[in-house]
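Asks: Sequence positions in the sequence shown follow numbering that gives the first Met the number 0 and run 0 to 415.
The structure follows.
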Amino acid sequence: MDEEHTRRPGGPVPWRHAGPPGLRRWDDGEQGAADGNRLPWVSTLFVTVFLQVGSGFAEHGQIGDRTPLDGYGRALLLVAGAILLLRHRFPVVVAFAASAVTLVYLGAGYPYGPVFLSAALACFAAVVAGHRHAAWGALGLLWAGHLLISHWLYAWLPPDGDRAAPWAQELLVVAWVVAILALSELVRARREQWARERAERQQAAKRRADEERLRIARELHDVLAHSISVINVQAGVGLALLDSDPEQARTALTTIKSASKEALGEVRQVLDTLRTPGDAPRAPAPGLDRLPELVEQAASAGLTVEVAREGRESALAPGADLAAFRIVQEALTNVVRHSGSRRASVRVRHTEAAVELTVDDDGPATRTDAGGSGNGLAGMRERAAALGGTIEAGPRPDGGFRVRAVLPQRPEGGTT
Numbered sequence: 000m001d002e003e004h005t006r007r008p009g010g011p012v013p014w015r016h017a018g019p020p021g022l023r024r025w026d027d028g029e030q031g032a033a034d035g036n037r038l039p040w041v042s043t044l045f046v047t048v049f050l051q052v053g054s055g056f057a058e059h060g061q062i063g064d065r066t067p068l069d070g071y072g073r074a075l076l077l078v079a080g081a082i083l084l085l086r087h088r089f090p091v092v093v094a095f096a097a098s099a100v101t102l103v104y105l106g107a108g109y110p111y112g113p114v115f116l117s118a119a120l121a122c123f124a125a126v127v128a129g130h131r132h133a134a135w136g137a138l139g140l141l142w143a144g145h146l147l148i149s150h151w152l153y154a155w156l157p158p159d160g161d162r163a164a165p166w167a168q169e170l171l172v173v174a175w176v177v178a179i180l181a182l183s184e185l186v187r188a189r190r191e192q193w194a195r196e197r198a199e200r201q202q203a204a205k206r207r208a209d210e211e212r213l214r215i216a217r218e219l220h221d222v223l224a225h226s227i228s229v230i231n232v233q234a235g236v237g238l239a240l241l242d243s244d245p246e247q248a249r250t251a252l253t254t255i256k257s258a259s260k261e262a263l264g265e266v267r268q269v270l271d272t273l274r275t276p277g278d279a280p281r282a283p284a285p286g287l288d289r290l291p292e293l294v295e296q297a298a299s300a301g302l303t304v305e306v307a308r309e310g311r312e313s314a315l316a317p318g319a320d321l322a323a324f325r326i327v328q329e330a331l332t333n334v335v336r337h338s339g340s341r342r343a344s345v346r347v348r349h350t351e352a353a354v355e356l357t358v359d360d361d362g363p364a365t366r367t368d369a370g371g372s373g374n375g376l377a378g379m380r381e382r383a384a385a386l387g388g389t390i391e392a393g394p395r396p397d398g399g400f401r402v403r404a405v406l407p408q409r410p411e412g413g414t415t
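Next comes the structure, spelled out in structure tokens:
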């Protein structure tokens, strides 16, 4: 489900995780500007043109009440739009600069109109960038300056004969300021939510990849460790008997060929799942039904294995069945590698809730380097823990070594 939410084949990423497409494209450009890669030229140019054109229309509706736009007024509008180009690199500076330019424009008596858009966008960008207090301060400066200009300083400022603005007008200014802040906070909160969701999806994907690598590593370790242990033993037998008993040496070589062929087949199956993760495996995963094969392979390595089954057998979930097989396989491999005993016993006990596996050998442990990786017991514990089971491994009081595993009939969380 996570992968479907992240990316659907042949379709776009659902915007509820990454934001609406239009806003996402805007944000991508703005993010690039914030990172210093590029500046928001398109949006800044659009706003600058809108300020010039919109203020021209606003002038016609305020003839006689406000000072007509001249070159100085047009220059102020140009500056008010142009400084927005840096609103993501220097959000605090641009927020206060836009408010100051707007106040100069209003103080010069030029027409009311879209000039407020410059301060609104600058403060919006500052809030979204996390500088909320600076944005609030810039808007507060603009509002306080407007109060001074429209209610106290108007007599000394153009146009001539100007009157104090009605106080009811300030309610509209307050509503405008609150709307800007509310919208800015909403966008900031939403962008933070999108960032958290992206981080969570990335972490989940990384966690799944790590779990898959660990699973593949366990599979390869178990397959290769068992088969190579058999090959190692038989190679030693073949070398020792090559001159004195050629027929027995031939048998050892035949066993090596069979074990290596089986190992290659299982390794190929594991690698096929990596190449085509969506396809079903060509051969079923091994399970406890293949215990006789393990016994036969152990016998070819000189180990006699007795198998005892208790309880009413029931089909295990595929994941539990594979884990049970690999645990027994690894336990017998450790007997071949590390124990001086040539006999081992495997007991499989089924209960209503779990299957219990016990692998015993009579020891003693050998002191020779068996050439293992040292990850066998750790891999068994990881397999059992992934299914909600347990592993106990250690020396027996009467000598030898015991591995005991308890796996639930149905793994926790429905693991397969």
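We put the beta carbon where it would ideally sit given N, CA and C, even for glycine.
What you are looking at is a predicted structure, and each value in this text was computed from that prediction instead of being measured.
Please state the DSSP three-state secondary structure of Gly63.
Replies: The residue you call residue 63 lines up with position 64 of the sequence shown. In this structure, Gly63 counts as coil in the three-state DSSP scheme.
Asks: Just list the beta strand (DSSP E) runs in the stretch 308-371, keeping only unbroken ones of 3 residues or longer that don't cross its boundaries, in chain order.
Replies: Here the runs fully enclosed are 342-349 and 353-360.
Asks: Should Asp209 be labelled buried (16 or more other beta-carbon atoms within 10 Å of its own) or exposed?
Replies: Locating residue 209 in the sequence shown gives position 210, counting from the first residue. So Asp209 counts as exposed.
Asks: For Pro39, tell me which candidate among Ala174, Gly80, Ala234 and Ala74 has the shortest Cα-Cα distance.
Replies: The residue labelled residue 39 in the question sits at position 40 within the sequence shown. Nearest C-alpha to Pro39: Gly80.
Asks: Between the C-alpha atoms of Glu169 and Ala143, what's the straight-line distance to the nearest angstrom?
Replies: Position 170 of the sequence shown, counted from the first residue, corresponds to residue 169. Position 144 of the sequence shown, counted from the first residue, corresponds to residue 143. Cα to Cα, the separation comes out at about 10 Å.
Asks: To the nearest angstrom, how far is it from the Cα of Ala262 to the Cα of Ile215?
Replies: The residue given as residue 262 occupies position 263 in the sequence shown. The residue given as residue 215 occupies position 216 in the sequence shown. Distance between the alpha carbons of Ala262 and Ile215: 14 Å.
Asks: Going by DSSP, what residues sit across from Thr389 in a beta bridge?
Replies: Taking the sequence shown and counting its residues from 1, the one referred to as residue 389 is at position 390. Looking at the DSSP assignment, Thr389 forms a beta bridge with Val405.
Asks: To the nearest angstrom, report how far apart Pro189 and Leu76 are at their CA atoms.
Replies: Residue 189 sits at position 190 when you count from the first residue of the sequence shown. Residue 76 sits at position 77 when you count from the first residue of the sequence shown. Rather than Pro, the amino acid found at residue 189 in this sequence is Arg. In a straight line, the C-alpha of Arg189 is about 31 Å away from that of Leu76.
Asks: Can you give the Cα-Cα distance for Ala314 and Leu302, rounded to whole angstroms?
Replies: Indexing the sequence shown from 1 puts residue 314 at position 315. Indexing the sequence shown from 1 puts residue 302 at position 303. Cα to Cα, Ala314 sits roughly 28 Å from Leu302.
Asks: Thinking C-beta only, is Tyr109 closer than 9 Å to Leu140?
Replies: Mapped onto the sequence shown, residue 140 falls at position 141. Mapped onto the sequence shown, residue 109 falls at position 110. Not closer than 9 Å, so no.
Asks: Can you give the Cα-Cα distance for Gly334 and Ser340, rounded to whole angstroms?
Replies: Here residue 334 refers to the residue found at position 335 when the sequence shown is read from its first residue. Here residue 340 refers to the residue found at position 341 when the sequence shown is read from its first residue. Here residue 334 turns out to be Val, not Gly, going by the sequence shown. Near 8 Å, if we compare the C-alpha coordinates of Ser340 and Val334.
Asks: Can you name, in chain order, every residue of its own chain whose Cβ lies under 6 Å from the Cβ of Gly375, other than the five neighbours on each side?
Replies: Start at 1 with the first residue of the sequence shown, and residue 375 comes out as number 376. Closer than 6 Å at Cβ, skipping near neighbours: Glu329 and Asn333.
Asks: Just to check my reading of the structure: Ile390 and Arg401 have Cβ atoms closer than 8 Å, yes? What is that Cβ distance to the nearest angstrom?
Replies: Stepping through the sequence shown from its first residue, residue 390 is reached at position 391. Stepping through the sequence shown from its first residue, residue 401 is reached at position 402. That pair is no contact at about 11 Å.
Asks: Mind checking who Val304 pairs with in its DSSP beta bridge?
Replies: Here the question's residue 304 lines up with position 305 in the sequence shown. Partner(s): Ala343.
Asks: Distance check for Arg206 and Pro363, CA to CA, integer angstroms please.
Replies: If you number the sequence shown from 1, residue 363 lands on position 364. If you number the sequence shown from 1, residue 206 lands on position 207. Their backbone Cα atoms lie some 41 Å apart in a straight line.
Asks: Please name the residue or residues paired with Pro394 in a DSSP beta bridge.
Replies: Here the question's residue 394 lines up with position 395 in the sequence shown. Pro394 is bridged to Phe400.
Asks: According to the Cβ coordinates, are Val46 and Leu120 closer than 9 Å?
Replies: Within the sequence shown, residue 46 is the residue found at index 47, counting from 1. Within the sequence shown, residue 120 is the residue found at index 121, counting from 1. Contact: yes.
Asks: What is the DSSP secondary structure of Arg212, reduced to helix, strand or coil?
Replies: Against the sequence shown, residue 212 aligns to sequence position 213. Helix, per DSSP.
Asks: Going by C-alpha to C-alpha distance, which of Gly387, Gln51, Leu331 and Arg336 sits closest to Val354?
Replies: Sequence index remark: in the sequence shown, residue 354 carries index 355 (1-based). Answer by Cα proximity: Gly387.
Asks: Candidates His130, Gly106 and Ala74: which alpha carbon is nearest Leu146's?
Replies: For the purposes of this step, residue 146 is taken as the residue at position 147 of the sequence shown. Taking only the C-alpha atoms, the option nearest Leu146 is Gly106.
Asks: Can you tell me whether DSSP reads Ala107 as helix, strand or coil?
Replies: By 1-based counting over the sequence shown, the position of residue 107 is 108. It is coil, neither helix nor strand.
Asks: Quick one, which of Asp320, Gly112 and Ala198 has its alpha-carbon nearest Gly60's?
Replies: As a position in the sequence shown, residue 60 is number 61, starting the count at 1. It is Gly112.
Asks: In the structure shown, what three-state DSSP assignment does Ala128 receive?
Replies: Taking the first residue of the sequence shown as 1, we reach residue 128 at position 129. Here Ala128 sits in coil by DSSP.
Asks: What's the gap between the Cα of Thr66 and the Cα of Gln201?
Replies: As a working note, residue 66 is residue 67 in the sequence shown. As a working note, residue 201 is residue 202 in the sequence shown. Distance between the alpha carbons of Thr66 and Gln201: 57 Å.
Asks: With a threshold of 7 Å on Cβ separation, who are the neighbours of Ala96 within its own chain once the five nearest residues in sequence on each side are excluded?
Replies: Locating residue 96 in the sequence shown gives position 97, counting from the first residue. Same-chain partners within the cutoff: Ile82.
Asks: Compare the Cα-Cα distances from Thr350 to each of Gln408, Pro394, Ala343 and Asp397 and report the closest residue.
Replies: As a working note, residue 350 is residue 351 in the sequence shown. Residue Gln408 is the option with its Cα nearest to Thr350.
Asks: In angstroms, rounded to a whole number, what distance separates the CA positions of Val405 and Ala322?
Replies: The sequence position of residue 405 within the sequence shown is 406, counting from 1. The sequence position of residue 322 within the sequence shown is 323, counting from 1. Cα to Cα, the separation comes out at about 11 Å.
Asks: If we define contact as Cβ-Cβ less than 9 Å, is Glu210 a contact residue for chain D?
Replies: Absent here is chain D; the protein component of the structure consists of one chain.
Asks: If you reduce the DSSP assignment to three classes, tell me which class Arg23 lands in.
Replies: Looking up residue 23 in the sequence shown gives position 24. For Arg23, the predicted model reports a pLDDT of 43, less than 50, meaning its position is unreliable; a value from the coordinates is still stated below. Residue state, collapsed to three classes: helix.
Asks: Find the nearest neighbour of Asp361 within the set Tyr104, His337 and Ala352, judged by alpha-carbon distance.
Replies: Taking the sequence shown and counting its residues from 1, one reaches residue 361 at position 362. Looking at the Cα atoms, His337 is the closest of the given residues.
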